[in-house]
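Below is one structure, written out as C-alpha cells; the observations come after it.
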Amino acid sequence: MLACCQADDNAFRVSIIIQTADQVLRQSTSTSSSTLQAYINEANMSGNTALAIASKYGNINSLRVLLLLEEGASPITSNRRRDTALHLASHRNHHAVTRLLLSTPVRSISGALIQRSAEAMVSDHYGDERFIDVHNQAGFSPLHLSVLAGNTETTRVLLEFGASLDSPVLRGMERFTFLSGGSTALHMAAALGNVDMCLLLLQGQWRQPTMDLRRIRNIQGLTPLNCALLAGHHALCRLLLEVRLPAVPQLNNNINNSSNGRGNNDSDVNFDLAFPELRQRLLGVVHRTSL
Numbered sequence: 034m035l036a037c038c039q040a041d042d043n044a045f046r047v048s049i050i051i052q053t054a055d056q057v058l059r060q061s062t063s064t065s066s067s068t069l070q071a072y073i074n075e076a077n078m079s080g081n082t083a084l085a086i087a088s089k090y091g092n093i094n095s096l097r098v099l100l101l102l103e104e105g106a107s108p109i110t111s112n113r114r115r116d117t118a119l120h121l122a123s124h125r126n127h128h129a130v131t132r133l134l135l136s137t138p139v140r141s142i143s144g145a146l147i148q149r150s151a152e153a154m155v156s157d158h159y160g161d162e163r164f165i166d167v168h169n170q171a172g173f174s175p176l177h178l179s180v181l182a183g184n185t186e187t188t189r190v191l192l193e194f195g196a197s198l199d200s201p202v203l204r205g206m207e208r209f210t211f212l213s214g215g216s217t218a219l220h221m222a223a224a225l226g227n228v229d230m231c232l233l234l235l236q237g238q239w240r241q242p243t244m245d246l247r248r249i250r251n252i253q254g255l256t257p258l259n260c261a262l263l264a265g266h267h268a269l270c271r272l273l274l275e276v277r278l279p280a281v282p283q284l285n286n287n288i289n290n291s292s293n294g295r296g297n298n299d300s301d302v303n304f305d306l307a308f309p310e311l312r313q314r315l316l317g318v319v320h321r322t323s324l
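Convert by adding 33 to the 1-based position in the sequence shown; the result is the number in my numbering.
Dropping the structure here:
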C-alpha cells in the first residue's frame, strides 16, 4: 500500500500512512522501531520499495524521498533487476533526488554509520563496490544510465560525489554493437555524439591526473575515439584528438585529490569555473569542424 501511494505526489498521505502504521505497530509489538523500518522498506512484486518508486518518479522538492529517509527507508536496496533508487533517479534525470540519495547517512552491514551513502559498500556482480558505482543486472552503473539518457545535470551531481569515470560496462549493448563490455561513460557519450557530455566527463579527470579516458579500450579494443568514428560523429573525433586537458586545478584546500578519485568533500566543485579554457577550446574545435 505504501509503495502504491508513493507513486502519487502526495507526501501528506504517505505521512499519515506511516504515522498510522507506527501507532498500530507500537500497540502490537515491543519491537516497533525495527518493524516500522521493515514496513517502510517492504517491496512490491517488482522488488521496488516506496523509496525506489519515489526516486523513479522524482519530485521538485524531494519531500517524499526525504520523508522516507527520515523514517528509516534504506536507499541502498535494489529491486529484482538490481536497480537501486539511484539507478532509477539517474536514468530519469532527477538530479535533486540523486543528490539526496547520495548524501544521506546509512548504516553498513556491521552497523557502522556512514555519513554519505555514496561511499557505502554494497554487493556487486564480482564482489563489493561503492553504492555510487554499483551495477544493475544489465551491467550499468548510475553514471552509465545518466550518460546514455543525456542527463547532464545528473551526471554533474554523480561526478561531484566521486562516481568512478573508468567504471566499465559489464555487458554489450544492442543499440551500438561496438559498445561492448569494458566501455566507459566516455565511450557512450562519444558513440552518442554528445559533445557537452564528453566535455563534462573529461573535466572530471582532474581527480585522476594520470588517467586519460580517451586511451581506455573496451573488450573489442576500441577507444572512445573509435566509437565516435564508427557512429559517424566526425566533429567529435576532431575534438577528442585535439583537446589537451589542463593541469589539475587548485580549487580549494578541502578537496581530497587522492589518486583513486574518491575524495570525501567533492560536492562543492564547480567544473565550469575550474576549466573555462577547456570549454572554450572544445567549443572552438567543434565550431571549426562544423564550418
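Built from N, CA and C at the ideal position, the CB exists for glycine as well.
* To do: Below 7 Å CB to CB, which residues in the same chain sit around residue 182 once its five sequence neighbours on both sides are set aside?
  => 124, 126
* Of the listed residues 113, 265, 230, nearest to residue 186 (C-alpha basis) -> 230
* **Helix, strand or coil at residue 162 [DSSP, three-state]** => strand
* Asked: When the Cα atoms are used, what is the spatial distance from residue 138 to residue 74?
  -> 16 Å
* **Given residue 267 as reference, the closest of 226, 147, 249, 119 once Cα atoms are compared** => 226
* Asked: Which value, in whole angstroms, describes the spacing of the CA atoms of residue 193 and residue 238?
  -> 12 Å
* To do: Throw me the rounded Cβ distance for the residue 135 and residue 89 pair, which I believe falls under 8 Å.
  => Between residue 89 and residue 135 the Cβ distance is about 16 Å, and since that is not below 8 Å, they are no contact.
* Asked: Considering only the beta carbon of each residue, do residue 212 and residue 220 sit closer than 9 Å?
  -> yes
* Mind checking residue 191: buried by the 16 CB within 10 Å criterion, or exposed? -> buried
* Asked: The beta strand (DSSP E) spanning residue 155 covers which residue range?
  -> 154 to 157
* My understanding is that residue 246 touches residue 199, with C-beta atoms under 8 Å, so please give their C-beta distance in whole angstroms. => 7 Å
* Collapsed DSSP secondary structure at residue 146 in the structure displayed -> strand
* Spatial neighbours of residue 119 in its chain, beta-carbon cut-off 6 Å, leaving aside the 5 residues before and after -> 134, 175
* Compare the C-alpha of residue 171 against each of 196, 91, 201, 150 and name the closest. => 201
* Between the Cα of residue 222 and the Cα atoms of 145, 129, 260, which residue gives the shortest distance? -> 260
* Going straight from the alpha carbon of residue 116 to that of residue 216, what length do you get? -> 20 Å
* Asked: Short check: CB of residue 111 to CB of residue 80, under 9 Å?
  -> yes
* Asked: If you run the structure through DSSP and keep just helix, strand and coil, what is residue 136?
  -> helix
* Pull up the DSSP beta-bridge partners for residue 111, would you. => 117
* Does DSSP put residue 266 in a helix, a strand or coil? -> coil
* Nearest to residue 241 (by Cα), restricted to the options 228, 197, 69 -> 197
* Asked: If we count the other Cβ atoms within 10 Å of its Cβ and call it buried at 16 or more, is residue 107 buried or exposed?
  -> buried
* Let me know the secondary structure DSSP gives residue 167 once reduced to three states. => coil
* Apart from the five residues on each side of it in sequence, which residues of its chain come closer than 7 Å, Cβ to Cβ, to residue 53? -> none
* **Inter-residue Cα distance where the pair is residue 251 and residue 169** => 19 Å
* List the endpoints of the continuous alpha helix (DSSP H) containing residue 78. => From DSSP, residue 78 is part of no alpha helix (DSSP H); its letter is neither H nor E.
* **Minimum C-alpha distance to residue 166 - residue among 195, 264, 146, 224** => 195
* Use the C-beta contact count for residue 71: other C-beta atoms within 10 angstroms, 16 or more gives buried, fewer gives exposed. => exposed
* **Interface flag, residue 272 vs chain E, CB-CB below 9 Å** => Within the model displayed, chain E is absent; a lone protein chain is all it includes.
* Presumed contact (8 Å Cβ cut-off) between residue 153 and residue 86, rounded CB distance -> Between residue 86 and residue 153 the Cβ distance is about 21 Å, and since that is not below 8 Å, they are no contact.
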